[in-house]
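Q:
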Amino acid sequence: MSRTTIIDCDPGTDDAIALWLALASPELDVRLVTVAGGNVGLAATTANARAVVGLTGRAIPVVAGAERSLMAPFRFETAVHGQDGLGGVLLPEGPPLAPGIAADAIRDLLRGASPASVTLIGLGPVTNLALAFATEPALVDRVAEIVLMSGAWSEGNITPAAEFNAWNDPEALSILLGLGCPLTMATLDLTAQAFVTPEVVAAMEGRPGGACWRAALAILRALPPSRRMSFRGYPLHDPCAVAWLLAPRLFKGREAQAEVDCGPGPGRGRTVIDRWQRLGRPPNLKLLERLDAPGFFELLAERIAALP
Ligand code: RIB
Ligand code: CA
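Everything in the sequence shown is counted per our numbering, starting at 13 for the first residue and increasing by one.
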């Protein structure tokens, strides 16, 4: 039985690979892709989402959403994703955007769904998802699970304190953490284990595949070595959130309680994650902590190589 799924994203090199992984996997019935400005601004992220989905040949609606966060303009991350957002990898233009705006499209799908039946995957600043629930919180009862790539219990990657998605809209993340539905988080501490090195890419190069696989390999080759990780490679963030839904056996984690610093100071966007229940507050998320990286990369290659 496949999961009815909505993917909210900001493509973004790793978003692109996460989208291909999801669309290649029968476990997920992706009904809607919504887009936020995030990584490189809404014009580029929507064009990229259209192209990435279009390359699979699947007729899945792509709907544009937030051009800015709830409280401020997005800060882009072109140093990682390139000005175009896909590391300079050119894709054929995808089909036109579906009409409307993301938050409405998310609400429309949830309204028509049965209880606890829709899985939401958040791969960027979660402004669109937060807007959907902020104005209609009762829709949370249609949600089976929210899975996010977001946050960190250790050092951030956009500020010392905060991870990029959480930092770009901490208020939105705080809304989702307060919904009370099952929520699973892949933080920077988890995604650091999905570490793309030249050796990892070389091991994949020999696998035959279609246009999506060739584009995914080109994107993997284009990922800039991460300064935060001594320039030895790049953590593949967003596909970890999708992989959790496909192969939970690849992960180890725990229940934890988390909140987001929404203040104006240097800690803004920090996810304060109580892994040891020190504060005695009820858990509000499942925290993914350990990844079987070889198993993850094998799943990624096997699935995406089978796409057109
Ligand atoms: O911090 C990593 C996250 O920020 C990923 O989702 C990446 O695509 C960027 O959006
Ligand atoms: Ca992203």
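Backbone N, C-alpha and C fix where the C-beta goes; we use that ideal spot for every residue, glycine too.
1. Please confirm whether any heavy atom of ligand 1 lies closer than 7 Å to the CB of D200.
2. Among Q205, A184, T196, L98, whose alpha-carbon lies nearest the alpha-carbon of L303?
3. Per DSSP, which residues does L141 bridge with? Please list them.
4. So, with DSSP's three-state summary, where would you put L322?
5. Buried or exposed: which applies to A117, given that a residue is buried once 16 or more other Cβ atoms fall within 10 Å of its Cβ?
6. Which same chain residues end up closer than 7 Å to G279 when comparing Cβ atoms and leaving out the 5 residues on each side of it in sequence?
7. With distance defined between alpha-carbon atoms, name the residue in T57, A36, C224, D26 nearest to L258.
8. Can you give me the Cβ contacts of S287 inside the same chain, cut-off strictly under 7 Å, excluding the 5 residues immediately before and after it?
9. Would you mind giving the Cβ-Cβ distance between E175 and L200, rounded to the nearest angstrom? I have them listed as a contact below 8 Å.
10. Taking buried to mean at least 16 other C-beta atoms within 10 Å of its own C-beta, is E89 buried or exposed?
11. Starting from C21, follow the beta strand (DSSP E) in both directions and report where the run begins and ends.
12. With a threshold of 7 Å, establish whether the CB of C224 neighbours any heavy atom of ligand 2.
13. Considering only the beta carbon of each residue, do R87 and N180 sit closer than 8 Å?
14. Which partner residues of E271 appear in the DSSP bridge assignment?
15. Would you mind reading off the limits of the beta strand (DSSP E) that contains L121?
16. How would you write the range of the beta strand (DSSP E) that V152 sits in, first residue to last?
17. In its own chain, which residues sit with a C-beta less than 8 Å from the C-beta of A270, not counting the 5 before and 5 after it?
18. How about A47 and A61: are their beta carbons less than 8 Å apart?
19. Residues in its own chain within less than 8 Å of A146 by CB, not counting five upstream and five downstream?
20. What separation, rounded to the nearest whole angstrom, lies between the Cα atoms of L229 and A34?
21. Hey, is the segment 136-143 in contact with the segment 61-74, meaning 3+ C-beta pairs nearer than 8 Å?
22. Give the secondary structure of V212 by DSSP, where H, G and I count as helix, E and B as strand, and everything else as coil.
23. Taking V152 as the reference, give the member of A114, T68, T131 with the closest Cα.
24. Per DSSP, F263 forms a beta bridge with which residues?
25. Might you give, ordered along the chain, the residues of its own chain that have their beta carbon closer than 7 Å to the beta carbon of F263, omitting 5 neighbours on each side?
26. Between the alpha carbons of A56 and D96, how many angstroms are there, rounded?
27. DSSP three-state call for T46: helix, strand or coil?
A: With the given structure in hand:
1. The residue you call residue 200 lines up with position 188 of the sequence shown. The amino acid occupying residue 200 in the given sequence is Leu; Asp does not appear at that position. Yes - ligand 1 has a heavy atom lying nearer than 7 Å to the Cβ of L200.
2. For the purposes of this step, residue 303 is identified with residue 291 of the sequence shown, where counting begins at 1. With distances taken between Cα atoms, L303 lies closest to Q205.
3. The count along the sequence shown starts at 1 and reaches residue 141 at position 129. According to DSSP, which records beta bridges pairwise, L141 is partnered with nothing at all.
4. Residue 322 lies beyond the residue range present for the chain, which begins at 13 and ends at 320; the question has no answer from this structure.
5. Here residue 117 refers to the residue found at position 105 when the sequence shown is read from its first residue. So A117 ends up on the buried side.
6. By one-based count along the sequence shown, residue 279 stands at place 267. Contacts found: A173, D273.
7. For the purposes of this step, residue 258 is identified with residue 246 of the sequence shown, where counting begins at 1. For the residues T57, A36, C224, D26, the minimum Cα distance to L258 belongs to A36.
8. Translated into positions along the sequence shown, residue 287 becomes position 275. Rather than Ser, the amino acid found at residue 287 in this sequence is Arg. Within the same chain, R287 has close Cβ partners W165, R266, A268, L299.
9. Taking the sequence shown and counting its residues from 1, the one referred to as residue 175 is at position 163. Taking the sequence shown and counting its residues from 1, the one referred to as residue 200 is at position 188. With 8 Å as the limit, E175 and L200 qualify as a contact, their Cβ atoms being about 5 Å apart.
10. Translated into the one-based positions of the sequence shown, residue 89 becomes position 77. Flag for E89 reads buried.
11. To locate residue 21, count along the sequence shown from 1; it is residue 9. Start and end: 15-21.
12. For this step, residue 224 is matched to residue 212 along the sequence shown. No - ligand 2 has no heavy atom lying nearer than 7 Å to the Cβ of C224.
13. Against the sequence shown, residue 87 aligns to sequence position 75. Against the sequence shown, residue 180 aligns to sequence position 168. Result yes, Cβ atoms of R87 and N180 sit closer than 8 Å.
14. To locate residue 271, count along the sequence shown from 1; it is residue 259. In the DSSP output, where bridge partners are listed per residue, E271 has V284.
15. Position 109 of the sequence shown, counted from the start, is the residue given in the question as residue 121. L121 -> not in any beta strand (DSSP E); alpha helix (DSSP H) instead, spanning 114-123.
16. Along the sequence shown, one-based indexing puts residue 152 at 140. Run containing V152: none; DSSP gives neither H nor E here.
17. Position 258 of the sequence shown, counted from the start, is the residue given in the question as residue 270. For A270, where only same-chain residues beyond five positions count, the Cβ hits under 8 Å are G163, L189, M197, T283, V284, I285, D286, N296, L297, L299.
18. Residue numbering aside, residue 47 sits at position 35 when the sequence shown is read from its first letter. Residue numbering aside, residue 61 sits at position 49 when the sequence shown is read from its first letter. The amino acid at residue 47 is misidentified as Ala; the sequence shows Val. Yes, the Cβ-Cβ distance between V47 and A61 is below 8 Å.
19. What you label residue 146 is simply residue 134 of the sequence shown in a count that begins at 1. I187, listed in sequence order.
20. Reading the sequence shown from its first residue, position 217 is the one you call residue 229. Reading the sequence shown from its first residue, position 22 is the one you call residue 34. In a straight line, the C-alpha of L229 is about 16 Å away from that of A34.
21. no
22. Residue 212 sits at position 200 when you count from the first residue of the sequence shown. Helix, per DSSP.
23. For the purposes of this step, residue 152 is identified with residue 140 of the sequence shown, where counting begins at 1. Checked all of A114, T68, T131; the closest Cα to V152 is T131.
24. Position 251 of the sequence shown, counted from the start, is the residue given in the question as residue 263. BP columns for F263 point to L303.
25. For the purposes of this step, residue 263 is taken as the residue at position 251 of the sequence shown. W256, L300, R302, L303, listed in sequence order.
26. Within the sequence shown, numbered from 1, the residue matching residue 56 stands at position 44. Within the sequence shown, numbered from 1, the residue matching residue 96 stands at position 84. So the alpha carbons of these two residues sit roughly 6 Å apart.
27. Here residue 46 is taken as the residue at index 34 of the sequence shown, counted from 1. Strand at T46.
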